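The sequence shown begins at 54 in the numbering used here and counts up one residue at a time.
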Amino acid sequence: MAQIKAAFFDIDGTLLPFHAKALPESTVQALAALRENGVKTFIATGRPPVHLPYLHALDGIPFDGYVTMNGQYCYLADGTPLYSRYIDRAALRTLLPYIEKERISVGFVGKDFCLFNHINDLSRQFALDLQQGEGDVAACIESDAIYQLSAFLPEENEPEFLRSCPGCIAVRWSPDFCDILPVGGGKPNGLAHTLAHLGLTREQSIAFGDGGNDVTMLEYAGIGVAMGNACDAAKAAADYVTDDITADGLAKALAHFGLI
(Lines of atoms letter the chains of each structure in order from A; the text may use other names.)
(Lines give C-alpha, C1' and ligand atoms only; values in the text may rest on other atoms or scores of the structure.)
Protein backbone atom coordinates (compact mmCIF):
# COMPACT_ATOMS: atom_id res chain seq x y z
CA MET A 54 0.00 0.00 0.00
CA ALA A 55 1.34 3.46 -0.92
CA GLN A 56 2.26 5.66 2.02
CA ILE A 57 -0.64 8.01 2.77
CA LYS A 58 0.37 11.67 2.55
CA ALA A 59 -2.99 13.47 2.23
CA ALA A 60 -6.35 12.97 3.96
CA PHE A 61 -9.69 14.41 2.80
CA PHE A 62 -12.67 14.75 5.11
CA ASP A 63 -16.30 15.49 4.40
CA ILE A 64 -17.83 17.71 7.09
CA ASP A 65 -21.50 16.94 7.74
CA GLY A 66 -21.96 13.42 9.06
CA THR A 67 -18.22 12.71 8.89
CA LEU A 68 -16.32 15.31 10.91
CA LEU A 69 -19.35 16.96 12.45
CA PRO A 70 -22.46 15.09 13.62
CA PHE A 71 -25.58 16.59 12.10
CA HIS A 72 -26.94 19.45 14.25
CA ALA A 73 -23.97 19.18 16.65
CA LYS A 74 -22.09 22.25 17.86
CA ALA A 75 -18.70 20.59 18.22
CA LEU A 76 -16.58 17.83 16.73
CA PRO A 77 -16.19 14.68 18.83
CA GLU A 78 -13.11 15.06 21.00
CA SER A 79 -11.65 11.86 19.56
CA THR A 80 -11.88 13.42 16.09
CA VAL A 81 -10.11 16.60 17.19
CA GLN A 82 -7.29 14.57 18.74
CA ALA A 83 -7.06 12.27 15.71
CA LEU A 84 -6.75 15.19 13.29
CA ALA A 85 -3.97 16.70 15.39
CA ALA A 86 -2.12 13.37 15.56
CA LEU A 87 -2.50 12.88 11.82
CA ARG A 88 -0.89 16.24 11.09
CA GLU A 89 1.87 15.54 13.58
CA ASN A 90 2.59 12.38 11.62
CA GLY A 91 3.16 14.41 8.46
CA VAL A 92 -0.16 13.81 6.68
CA LYS A 93 -1.71 16.90 5.11
CA THR A 94 -5.40 17.36 5.92
CA PHE A 95 -8.12 18.79 3.71
CA ILE A 96 -11.82 19.52 3.95
CA ALA A 97 -13.84 17.96 1.09
CA THR A 98 -17.40 19.23 1.33
CA GLY A 99 -20.51 20.08 -0.62
CA ARG A 100 -20.60 23.42 1.18
CA PRO A 101 -19.24 26.59 -0.48
CA PRO A 102 -16.53 28.76 1.09
CA VAL A 103 -19.13 31.27 2.23
CA HIS A 104 -20.68 28.65 4.55
CA LEU A 105 -17.51 27.63 6.35
CA PRO A 106 -17.20 30.61 8.73
CA TYR A 107 -20.61 29.66 10.16
CA LEU A 108 -19.35 26.20 11.16
CA HIS A 109 -17.77 27.26 14.43
CA ALA A 110 -17.08 23.64 15.33
CA LEU A 111 -14.13 23.92 12.92
CA ASP A 112 -12.72 27.05 14.57
CA GLY A 113 -9.11 26.59 15.58
CA ILE A 114 -8.68 23.30 13.69
CA PRO A 115 -6.04 23.76 10.98
CA PHE A 116 -6.42 22.32 7.50
CA ASP A 117 -4.02 22.57 4.58
CA GLY A 118 -6.76 23.32 2.09
CA TYR A 119 -10.37 23.01 1.06
CA VAL A 120 -12.25 21.11 -1.65
CA THR A 121 -15.58 22.93 -1.64
CA MET A 122 -18.84 22.85 -3.57
CA ASN A 123 -18.33 19.12 -4.28
CA GLY A 124 -14.98 19.76 -5.92
CA GLN A 125 -16.06 22.74 -8.01
CA TYR A 126 -13.83 25.23 -6.14
CA CYS A 127 -10.60 24.21 -4.41
CA TYR A 128 -8.01 26.34 -2.61
CA LEU A 129 -5.19 26.19 -0.09
CA ALA A 130 -5.47 27.45 3.48
CA ASP A 131 -3.78 30.71 2.46
CA GLY A 132 -6.47 31.29 -0.18
CA THR A 133 -4.42 30.21 -3.21
CA PRO A 134 -6.91 28.82 -5.76
CA LEU A 135 -6.19 25.37 -7.20
CA TYR A 136 -9.21 24.59 -9.37
CA SER A 137 -12.60 25.98 -10.29
CA ARG A 138 -15.41 24.93 -12.59
CA TYR A 139 -18.80 26.60 -12.87
CA ILE A 140 -22.16 25.74 -14.40
CA ASP A 141 -22.75 26.89 -17.97
CA ARG A 142 -24.85 30.06 -18.03
CA ALA A 143 -27.02 28.73 -20.86
CA ALA A 144 -28.17 25.85 -18.63
CA LEU A 145 -29.06 28.27 -15.85
CA ARG A 146 -31.05 30.46 -18.23
CA THR A 147 -32.99 27.38 -19.34
CA LEU A 148 -33.67 26.44 -15.72
CA LEU A 149 -35.13 29.76 -14.53
CA PRO A 150 -38.62 29.49 -16.11
CA TYR A 151 -39.02 25.94 -14.73
CA ILE A 152 -38.16 26.75 -11.11
CA GLU A 153 -40.38 29.82 -11.18
CA LYS A 154 -43.31 27.86 -12.63
CA GLU A 155 -42.89 25.03 -10.11
CA ARG A 156 -42.01 27.40 -7.24
CA ILE A 157 -38.89 25.41 -6.36
CA SER A 158 -36.54 27.05 -3.89
CA VAL A 159 -33.00 27.04 -5.29
CA GLY A 160 -29.82 28.52 -3.89
CA PHE A 161 -27.46 29.82 -6.59
CA VAL A 162 -24.03 29.30 -5.11
CA GLY A 163 -20.96 31.34 -5.94
CA LYS A 164 -17.62 31.50 -4.20
CA ASP A 165 -18.71 34.21 -1.79
CA PHE A 166 -22.50 34.04 -1.82
CA CYS A 167 -25.62 31.89 -1.96
CA LEU A 168 -28.61 33.70 -3.44
CA PHE A 169 -32.11 32.19 -3.49
CA ASN A 170 -34.75 32.74 -6.16
CA HIS A 171 -37.22 32.42 -3.31
CA ILE A 172 -37.24 30.88 0.16
CA ASN A 173 -39.94 28.45 1.26
CA ASP A 174 -40.61 26.14 4.19
CA LEU A 175 -38.02 23.64 2.98
CA SER A 176 -35.19 26.15 2.64
CA ARG A 177 -36.07 28.71 5.33
CA GLN A 178 -34.02 27.29 8.19
CA PHE A 179 -31.07 26.59 5.92
CA ALA A 180 -31.09 30.18 4.65
CA LEU A 181 -31.55 31.56 8.16
CA ASP A 182 -28.68 29.56 9.61
CA LEU A 183 -26.33 30.84 6.93
CA GLN A 184 -27.77 34.35 6.71
CA GLN A 185 -28.59 33.94 3.01
CA GLY A 186 -31.47 35.69 1.31
CA GLU A 187 -33.53 36.11 -1.86
CA GLY A 188 -32.47 38.16 -4.85
CA ASP A 189 -32.45 38.67 -8.60
CA VAL A 190 -30.92 35.36 -9.66
CA ALA A 191 -31.45 36.15 -13.37
CA ALA A 192 -29.10 39.11 -13.05
CA CYS A 193 -26.76 37.12 -10.81
CA ILE A 194 -26.12 34.37 -13.35
CA GLU A 195 -25.13 36.97 -15.94
CA SER A 196 -22.62 38.69 -13.68
CA ASP A 197 -21.23 35.94 -11.44
CA ALA A 198 -19.89 32.41 -11.74
CA ILE A 199 -22.35 29.87 -10.30
CA TYR A 200 -20.47 26.77 -9.22
CA GLN A 201 -23.42 24.76 -7.98
CA LEU A 202 -27.10 24.95 -7.09
CA SER A 203 -28.80 23.83 -3.89
CA ALA A 204 -32.21 22.64 -5.06
CA PHE A 205 -34.76 22.01 -2.32
CA LEU A 206 -36.82 19.14 -3.70
CA PRO A 207 -37.33 15.42 -2.98
CA GLU A 208 -35.06 12.89 -4.64
CA GLU A 209 -37.80 11.56 -6.92
CA ASN A 210 -38.09 15.03 -8.52
CA GLU A 211 -34.42 15.24 -9.47
CA PRO A 212 -34.81 13.80 -13.03
CA GLU A 213 -37.42 16.38 -13.97
CA PHE A 214 -35.28 19.19 -12.54
CA LEU A 215 -32.24 18.01 -14.50
CA ARG A 216 -34.18 17.94 -17.76
CA SER A 217 -34.54 21.70 -17.31
CA CYS A 218 -30.87 22.18 -16.44
CA PRO A 219 -29.00 20.51 -19.32
CA GLY A 220 -25.46 19.31 -18.81
CA CYS A 221 -25.84 18.93 -15.07
CA ILE A 222 -26.02 16.15 -12.47
CA ALA A 223 -27.43 15.91 -8.96
CA VAL A 224 -25.67 14.68 -5.82
CA ARG A 225 -27.24 14.58 -2.38
CA TRP A 226 -26.07 14.73 1.22
CA SER A 227 -29.29 15.98 2.77
CA PRO A 228 -32.87 14.67 2.51
CA ASP A 229 -34.05 18.26 2.04
CA PHE A 230 -32.04 19.26 -1.00
CA CYS A 231 -29.59 18.11 -3.66
CA ASP A 232 -26.55 19.84 -5.07
CA ILE A 233 -26.54 20.42 -8.83
CA LEU A 234 -23.15 20.27 -10.59
CA PRO A 235 -21.89 20.24 -14.17
CA VAL A 236 -21.68 16.78 -15.75
CA GLY A 237 -18.27 15.39 -14.88
CA GLY A 238 -18.13 17.42 -11.70
CA GLY A 239 -17.70 16.01 -8.22
CA LYS A 240 -15.25 15.68 -5.38
CA PRO A 241 -12.74 13.50 -7.34
CA ASN A 242 -11.90 16.50 -9.55
CA GLY A 243 -11.04 18.50 -6.47
CA LEU A 244 -8.93 15.71 -5.03
CA ALA A 245 -7.09 15.24 -8.33
CA HIS A 246 -6.12 18.89 -8.67
CA THR A 247 -5.15 19.17 -5.01
CA LEU A 248 -3.00 16.06 -5.16
CA ALA A 249 -1.36 17.24 -8.39
CA HIS A 250 -0.41 20.51 -6.68
CA LEU A 251 1.19 18.51 -3.87
CA GLY A 252 3.00 16.20 -6.29
CA LEU A 253 1.08 13.22 -4.92
CA THR A 254 -0.85 10.36 -6.52
CA ARG A 255 -4.36 9.23 -5.68
CA GLU A 256 -2.85 6.09 -4.11
CA GLN A 257 -1.27 8.36 -1.49
CA SER A 258 -4.64 9.69 -0.34
CA ILE A 259 -7.33 8.61 2.09
CA ALA A 260 -10.86 10.02 2.07
CA PHE A 261 -13.67 9.89 4.62
CA GLY A 262 -17.36 10.40 3.85
CA ASP A 263 -20.93 9.43 4.60
CA GLY A 264 -23.25 10.83 1.94
CA GLY A 265 -24.26 10.21 -1.64
CA ASN A 266 -22.03 13.07 -2.78
CA ASP A 267 -19.04 11.22 -1.25
CA VAL A 268 -19.43 8.03 -3.32
CA THR A 269 -17.13 8.97 -6.19
CA MET A 270 -14.57 10.46 -3.78
CA LEU A 271 -14.42 7.21 -1.81
CA GLU A 272 -13.94 5.32 -5.06
CA TYR A 273 -11.22 7.70 -6.24
CA ALA A 274 -9.01 7.90 -3.15
CA GLY A 275 -6.33 5.32 -2.48
CA ILE A 276 -8.32 4.37 0.60
CA GLY A 277 -12.00 5.26 0.90
CA VAL A 278 -13.52 5.12 4.38
CA ALA A 279 -17.27 5.29 5.00
CA MET A 280 -18.54 6.21 8.42
CA GLY A 281 -20.78 3.71 10.20
CA ASN A 282 -23.63 6.19 9.85
CA ALA A 283 -23.03 6.50 6.07
CA CYS A 284 -25.65 5.81 3.42
CA ASP A 285 -25.61 2.40 1.75
CA ALA A 286 -24.10 3.75 -1.47
CA ALA A 287 -21.16 5.30 0.39
CA LYS A 288 -20.55 2.08 2.30
CA ALA A 289 -20.61 0.07 -0.92
CA ALA A 290 -18.08 2.42 -2.52
CA ALA A 291 -15.66 2.36 0.42
CA ASP A 292 -12.66 0.15 1.01
CA TYR A 293 -13.40 0.18 4.74
CA VAL A 294 -16.44 0.95 6.88
CA THR A 295 -15.68 2.29 10.33
CA ASP A 296 -17.93 2.98 13.34
CA ASP A 297 -20.43 5.83 13.58
CA ILE A 298 -19.20 9.39 13.87
CA THR A 299 -20.41 9.47 17.48
CA ALA A 300 -18.59 6.21 18.32
CA ASP A 301 -15.08 7.49 17.52
CA GLY A 302 -15.33 6.10 13.99
CA LEU A 303 -12.89 8.52 12.40
CA ALA A 304 -10.17 7.98 14.99
CA LYS A 305 -10.66 4.21 14.88
CA ALA A 306 -10.23 4.13 11.10
CA LEU A 307 -7.06 6.22 11.19
CA ALA A 308 -5.68 3.89 13.84
CA HIS A 309 -6.74 0.84 11.81
CA PHE A 310 -4.61 2.03 8.88
CA GLY A 311 -1.68 2.93 11.14
CA LEU A 312 -1.90 6.64 10.43
CA ILE A 313 -2.15 7.66 14.08
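Glycine included, every Cβ here is placed at the ideal spot set by N, Cα and C.
It should be emphasised that the depicted structure is a prediction, and the values quoted were computed from it without experimental measurement.
With respect to the alpha helix (DSSP H) encompassing residue i, which residues constitute its N-terminal and C-terminal limits?
| i | result |
| --- | --- |
| Asp232 | Not the alpha helix (DSSP H): Asp232 falls in the beta strand (DSSP E), residues Cys231 to Pro235. |
| Gly243 | Lys240 to Leu251 |
| Ser79 | Glu78 to Glu89 |
| Ala304 | Gly302 to His309 |
| Phe179 | Arg177 to Asp182 |
In angstroms with no decimal places, state the Cα-to-Cα distance between residue i and residue j.
| i | j | result |
| --- | --- | --- |
| Ala85 | Val236 | 36 Å |
| Phe95 | Ala289 | 23 Å |
| Ile259 | Lys154 | 43 Å |
| Asp189 | Asn170 | 7 Å |
| Gly243 | Val268 | 14 Å |
| Gln82 | Leu76 | 10 Å |
| Leu129 | Leu253 | 15 Å |
| Phe106 | Trp226 | It should be noted that the sequence gives Pro, not Phe, for residue 106. Approximately 20 Å, taken between the alpha carbons. |
| Ala274 | Pro212 | 28 Å |
| Ile114 | Leu87 | 12 Å |
| His250 | Glu256 | 15 Å |
| Leu307 | Phe71 | 21 Å |
In chain order, what residues of the same chain lie with their CB nearer than 6 Å to the CB of residue i, ignoring the 5 residues before and after it?
| i | result |
| --- | --- |
| Asn173 | Ser158 |
| Ile64 | Thr98 |
| Ile222 | Leu234 and Val236 |
| Tyr136 | Cys127 and His246 |
Which residues mark the beginning and the end of the beta strand (DSSP E) in which residue i is found?
| i | result |
| --- | --- |
| Phe205 | Gln201 to Phe205 |
| Cys3 | This structure cannot settle anything about residue 3, because the visible part of the chain is limited to 54 through 313. |
| Pro212 | Pro212 -> not in any beta strand (DSSP E); alpha helix (DSSP H) instead, spanning Glu211 to Arg216. |
| Tyr119 | Gly118 to Thr121 |
| Leu168 | Cys167 to Phe169 |
| Lys93 | Lys93 to Ala97 |
| Pro134 | Pro134 to Ser137 |
| Ile152 | Unbroken run through Ile152 is the alpha helix (DSSP H), Arg142 to Glu155; no beta strand (DSSP E). |
| Leu129 | Tyr126 to Leu129 |
| Val268 | Looking at the DSSP string, Val268 is not in any beta strand (DSSP E); the run it does join, the alpha helix (DSSP H), is Val268 to Tyr273. |
| Ala223 | Cys221 to Val224 |
| Pro279 | What sits at residue 279 in the sequence shown is Ala, not Pro. First-last of the beta strand (DSSP E) with Ala279: Ile276 to Ala279. |
What residue from the options has the CA that sits closest to residue i's CA?
| i | options | result |
| --- | --- | --- |
| Ile298 | Gly265, Met270 and Leu69 | Leu69 |
| Gly220 | Tyr126, Arg142, Ala283 and Asn282 | Arg142 |
| Leu111 | Phe179, Lys74, Arg88 and Ala144 | Lys74 |
| Arg156 | Gln201, Tyr128, Ala249 and Phe214 | Phe214 |
| Cys127 | Tyr139, Thr247 and Gly163 | Thr247 |
| Cys6 | Arg146, Gly238 and Pro207 | The question about residue 6 has no answer here: the residues shown for the chain are numbered 54 through 313. |
| Ser79 | Phe310, His309 and Lys305 | Lys305 |
| Gly265 | Phe310, Asn123 and Phe205 | Asn123 |
| Phe230 | Leu307, Gln178 and Phe166 | Gln178 |
| Pro228 | His250, Leu183, Thr133 and Ala204 | Ala204 |
With a threshold of 16 other CB atoms inside 10 Å of the CB of residue i, please say whether the residue is buried or exposed.
| i | result |
| --- | --- |
| Thr67 | buried |
| Asn90 | exposed |
| Ser196 | exposed |
| His104 | buried |
| Asp285 | exposed |
| Asp232 | buried |
| Phe161 | buried |
| Gln185 | buried |
| Gly132 | exposed |
Once the 5 residues before and after residue i are set aside, which same chain residues still bring their CB inside 7 Å of it?
| i | result |
| --- | --- |
| Leu148 | Ser217 and Cys218 |
| Val92 | Ile57, Lys58, Ala59, Ala60 and Leu312 |
| Tyr151 | Ser217 |
| Ala191 | Leu149 |
Here's a check: name, in chain order, each residue in its chain whose Cβ is nearer than 8 Å to the Cβ of residue i, leaving out the five neighbours to either side.
| i | result |
| --- | --- |
| Leu271 | Ala260, Gly262, Gly277, Val278, Ala279, Ala287, Ala290, Ala291 and Asp292 |
| Val120 | Phe61, Phe95, Ile96, Ala97, Thr98, Cys127, Lys240, Gly243, Leu244 and Thr247 |
| Gly281 | Val294, Thr295, Asp296, Asp297, Ile298, Ala300 and Gly302 |
| Tyr139 | Gln125, Ala198, Ile199, Tyr200 and Pro235 |
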